[in-house]
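So the sequence shown is numbered by the working numbering: it starts at 15 and just counts up by one. Even for Gly, the Cβ is constructed at its ideal location relative to N, Cα and C. Here the structure is laid out as structure tokens; the discussion comes afterwards.
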Amino acid sequence: MTAALTFAVPKGRILDEALPVMARAGVVPEAAFHDKKNRALSFACEESDSFGGDMRIIRVRAFDVATFVAHGAAQAGIVGSDVIDEFAYSDLYAPVDLDIGHCRLSVAEPRDGEGLASASHARVATKYPNLTRRHFEKLGIQAECVKLNGAMELAPSLGLAGRIVDLVSTGRTLTDNGLIESSVIMPVSARLIVNRAALKTDPRVGALIDAFRALAATPVSAPRAA
């Protein structure tokens, strides 16, 4: 008996945008998935005939989506390009940009900060230590990364770090916490990711890629004016 195809999705901001795209591709979670009181992490799919008829969706943290897929515990999933580039797993393949979840990974610092004009060292609060170090290395600056998983904006005001690296959408959270966006490391969007080994051995993974790739090539029509 063929094992269920497992599709990993991230909790948080990308999920609301991802669900309509998934539905158009034929990946539709059961009703229990949408129950806010349900603490389950694994759910059946209502419509999965195109992918062998046995498919489940797991809902985990964004960084964990990449880990589950890279190690083959899930065969496919959706995650931001920030996560893909942070981990750079060799067993991860990101064949489709889904054109959702748009934001940017940026450096931010206090409005009255001294800048980095003559700095050789910077202490940075972030959950992206690899991307942060690579960015500052290009500037000839050694970055000491303080790993935080949230509340990054508090770090400069409390003396934990001089600046932060985090995702920015509107920039309002930065403004409300006395910070300014000083540089952009990379634009971010959500991608379909698959396990490379699964792609070679399981035709259902290729079918998933084809379904999502077709959506990416066919923009949703704008509603007609009344």
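So what does residue i bridge to, in DSSP terms?
i: Gln-156; result: His-135
i: Leu-181; result: Leu-119
i: Met-200; result: Leu-119
i: Val-23; result: Arg-73
i: Phe-57; result: Ile-71
i: Leu-206; result: Ile-92, Val-110
Classify residue i as helix, strand or coil using the three-state DSSP reduction.
i: Glu-151; result: helix
i: Lys-214; result: helix
i: Glu-100; result: helix
i: Val-41; result: coil
i: Asp-126; result: coil
Quick one, are the C-beta atoms of residue i and residue j less than 9 Å apart?
i: Ala-22; j: Asp-68; result: no
i: Tyr-107; j: Ile-207; result: yes
i: Asp-180; j: Ser-95; result: no
i: Ala-133; j: Arg-70; result: no
i: Arg-125; j: Leu-193; result: yes
i: Asn-163; j: Phe-101; result: no
i: Val-182; j: Val-160; result: no
Give me the Cα-Cα distance between residue i and residue j, rounded to the nearest whole angstrom.
i: Arg-186; j: Glu-195; result: 10 Å
i: Ser-104; j: Asn-209; result: 9 Å
i: Pro-237; j: Pro-34; result: At Pro-237, the pLDDT of 38 sits below 50, so the modelled position is not reliable and the matter cannot be decided from this model.
i: Val-83; j: Ile-178; result: 28 Å
i: Ala-122; j: Glu-60; result: 43 Å
i: Ser-235; j: Phe-57; result: Confidence is the limiting factor: at Ser-235 the pLDDT is only 40, short of 50, which leaves the residue's position unreliable, though a coordinate-based value still follows. Going from the Cα of Ser-235 to the Cα of Phe-57 covers about 31 Å.
i: His-48; j: Cys-117; result: 25 Å
Is any beta-carbon of chain D found at less than 9 Å from that of residue i?
i: Glu-151; result: Within the model displayed, chain D is absent; a lone protein chain is all it includes.
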